[in-house]
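Trainee: Quick one: the structure is below, questions incoming.
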Amino acid sequence: MIKLIKKSILYGFFLILALEILVRVFYLGKDNPTRYLDQFSVEKWEPNQHGFSITGNRKQNFSEYRINSSGFNSYREFSPSLNKTEIAIVGDSFIEGFHQDYYNSIGKKIENLLPNIEVYEYGYAGYDMADQLHLIYQYKEQFELVDHVVINLEFSTDLTRSEYGVIRDRLALESRTNKLLKKSKLLVYSKSIGVLDPIKRFVSGSIIFFKQLLNKSEINTNKTKAIALKKENKYIDNFKSLVSHYGYDKDRFVLLLDTKTTSPLFLSYLNRNNFEYLDFSKAFETSDTPTTLIYDKHWNNHGRSLIAHLITEYIRKK
Numbered sequence: 342m343i344k345l346i347k348k349s350i351l352y353g354f355f356l357i358l359a360l361e362i363l364v365r366v367f368y369l370g371k372d373n374p375t376r377y378l379d380q381f382s383v384e385k386w387e388p389n390q391h392g393f394s395i396t397g398n399r400k401q402n403f404s405e406y407r408i409n410s411s412g413f414n415s416y417r418e419f420s421p422s423l424n425k426t427e428i429a430i431v432g433d434s435f436i437e438g439f440h441q442d443y444y445n446s447i448g449k450k451i452e453n454l455l456p457n458i459e460v461y462e463y464g465y466a467g468y469d470m471a472d473q474l475h476l477i478y479q480y481k482e483q484f485e486l487v488d489h490v491v492i493n494l495e496f497s498t499d500l501t502r503s504e505y506g507v508i509r510d511r512l513a514l515e516s517r518t519n520k521l522l523k524k525s526k527l528l529v530y531s532k533s534i535g536v537l538d539p540i541k542r543f544v545s546g547s548i549i550f551f552k553q554l555l556n557k558s559e560i561n562t563n564k565t566k567a568i569a570l571k572k573e574n575k576y577i578d579n580f581k582s583l584v585s586h587y588g589y590d591k592d593r594f595v596l597l598l599d600t601k602t603t604s605p606l607f608l609s610y611l612n613r614n615n616f617e618y619l620d621f622s623k624a625f626e627t628s629d630t631p632t633t634l635i636y637d638k639h640w641n642n643h644g645r646s647l648i649a650h651l652i653t654e655y656i657r658k659k
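Reading the sequence shown from the start, the letters are residues 342 to 659 in the working numbering.
In structure tokens:
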């Protein structure tokens, strides 16, 4: 029995080693850029990194990223001035664009359509409205030189906070333990394709989740609607609070959103108070070609082209 256990451990070790080598040879495990918190408490990527982002369980999306000296994925450096016309696009992973080669980003597509304009993409996975307005405020000297600022907004996820605060859980991903674990490409690949999800769910307490699910099923329809309405109003109040604290230049700022997934109450508030927004829902709905990745809701190359055209038309009209 002891001999069998020893052989199992030995064979298991060589199996893991072989899989690690295969993952590295075929480049299945993505490169993970390093996060950091700058002197203004703005979370972003550590400057001057380069690598490849891989998504999908069969290397369905393989794209190159380049973190510039400002800490964002971009093919260019950010150097706004009064002598040029610039657009800044601020947002989460949709703007960050790790699903697209950095030299074929939304910003580059816009520049191809508007050759005399520079586009700066301030995208970072997980950013919400508080993160975005905090970034703009802390780098206000830079943003004041930018002619147009496009802020990506998803109503259901980006307005859950009324004030900015550093999210320590994200920065915890840069702990010594996590950095050590990320050195194994096999582990990174296993995590990216969901092999470790069942274990994670178990550790995080799936029993509690199912209890909450059961309680929700007992709530009647009227109460559910009341809760949803209360949440919508709370998100609108959070937006008001953030705008009041950080300011909002209605002459230069415009929101980028999907009206199909945005609260009608919020849209009504925006319209009454003269907040401009770009709605990409119609362009996506009428497209004969898919606009998102097949395994992910992030925009694919075609979806990004539609977003670029929408922003371009807005700038031309301005």
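The beta-carbon is built from N, C-alpha and C at its ideal position, and this holds for glycine as well.
1) Comparing alpha-carbon positions, which option in E427, D578, Q441 and K659 lies nearest D592?
2) Check whether the stretch 405-425 touches the stretch 375-386, taking contact to mean three or more Cβ pairs, one atom from each stretch, closer than 8 Å.
3) What residue range does the alpha helix (DSSP H) around Y655 cover?
4) L474 to Y461, Cα distance in whole Å?
5) Run the CB neighbour count on D629, radius 10 Å, all protein chains shown included, and call it buried at 16 or more, exposed below.
6) Can you give the Cα-Cα distance for I346 and F403, rounded to whole angstroms?
7) Y610: which of L512, H586 and E573 sits nearest, CA to CA?
8) How long is the line joining the alpha carbons of K581 and I477, rounded to whole angstroms?
9) Taking Y478 as part of the alpha helix (DSSP H), name the residues at either end of that continuous run.
10) Beta-carbon within less than 7 Å of I678's beta-carbon, same chain only, minus the 5 sequence neighbours each way: which residues are those?
11) Considering only the beta carbon of each residue, do P421 and Q483 sit closer than 8 Å?
12) Return the first residue and the last residue of the beta strand (DSSP E) that F381 is part of.
13) Could you round the C-beta distance between G467 and D433 to whole angstroms and report it? I think they count as a contact, below 8 Å.
14) Going by DSSP, what residue range makes up the beta strand (DSSP E) through L597?
15) Nearest-angstrom Cα distance between I568 and I656?
16) Pop quiz: I428 and Y463 are said to be a contact at Cβ under 8 Å. What is the actual Cβ separation, rounded to whole angstroms?
17) Judging by CA-CA distance, which residue of I451, I648 and S497 is the nearest neighbour of L570?
18) Is H639 helix, strand or coil by DSSP?
19) Using a Cβ-Cβ cutoff of less than 7 Å, which residues in the same chain neighbour L622 once the five nearest sequence positions on both sides are dropped?
20) I'd like to check one pair, I492 with I648: are the Cβ atoms closer than 8 Å?
21) For K389, which residues from the same chain have a beta carbon less than 8 Å from its beta carbon, with the 5 sequence-adjacent residues on both sides left out?
22) Just the Cα atoms here: how many angstroms apart are L537 and T396?
23) Considering only DSSP beta bridges, list what A339 is partnered with.
24) What does a CB cutoff of less than 7 Å around K425 pick up in its chain, not counting 5 residues either side in sequence?
25) Is I577 helix, strand or coil when you go by DSSP?
26) Out of curiosity, what's the CA-to-CA distance linking E617 and W386?
27) Are S394 and F435 closer than 8 Å when you measure CB to CB?
28) My output table needs one value for G448: the three-state DSSP class, helix, strand or coil.
29) In whole angstroms, what separates the C-alpha of K481 from that of N373?
30) Could you pull the DSSP bridge partners for R376 from this structure?
31) Which residues in the same chain as N641 place their Cβ atom closer than 7 Å to its Cβ, once the five residues preceding and following it in sequence are excluded?
Mentor: By the coordinates alone:
1) It is K659.
2) For the pair of segments examined, the stretch 405-425 was found to touch the stretch 375-386: the number of CB pairs separated by less than 8 Å reaches three.
3) In the DSSP assignment, Y655 falls within the unbroken alpha helix (DSSP H) covering N642 to K658.
4) So the alpha carbons of these two residues sit roughly 16 Å apart.
5) Result: exposed.
6) One C-alpha to the other measures close to 40 Å.
7) With distances taken between Cα atoms, Y610 lies closest to E573.
8) When rounded, the distance between both Cα atoms is 16 Å.
9) DSSP places Y478 inside the alpha helix (DSSP H), whose first and last residues are M470 to Q479.
10) Past the edges of the chain, shown from 342 to 659, lies residue 678, and the structure says nothing about it.
11) In contact: P421 and Q483 (Cβ atoms closer than 8 Å).
12) No beta strand (DSSP E) holds F381; DSSP gives it neither H nor E.
13) Their Cβ separation, rounded to whole angstroms, is 6 Å, which keeps G467 and D433 in contact under 8 Å.
14) F594 to L598 is the extent of the beta strand (DSSP E) around L597.
15) Looking at the two C-alpha atoms, the distance is approximately 39 Å.
16) The C-beta distance from I428 to Y463 rounds to 11 Å, too long to meet the 8 Å contact threshold.
17) For the options I451, I648 and S497, the alpha carbon positioned closest to that of L570 is the one of S497.
18) Coil, per DSSP.
19) Note that residue 622 is Ser in the sequence shown here, rather than Leu. These residues qualify, in order along the chain: D599, T600 and K601.
20) Taking 8 Å as the Cβ cut-off, I648 and I492 do not qualify as a contacting pair.
21) A small fix is needed here, since residue 389 is Asn in this sequence, not Lys. Answer for N389: I408, N409 and S410, listed in chain order.
22) Unreliable positioning characterises L537 in this predicted model, as indicated by a pLDDT of 47, which lies under 50. The coordinate reading is nonetheless provided below. One C-alpha to the other measures close to 15 Å.
23) This structure cannot speak to residue 339, because the chain is shown only from 342 to 659.
24) Result list for K425: E459, in chain order.
25) Three-state DSSP puts I577 in a helix.
26) Rounded to whole angstroms, E617 to W386 spans 30 Å at the Cα level.
27) With contacts defined by Cβ atoms closer than 8 Å, S394 and F435 do not form a contacting pair.
28) DSSP places G448 in helix when its eight states are reduced to three.
29) Approximately 29 Å, taken between the alpha carbons.
30) Under DSSP, the beta-bridge partners assigned to R376 are W386.
31) Contacts found: P631, T632, T633 and L634.
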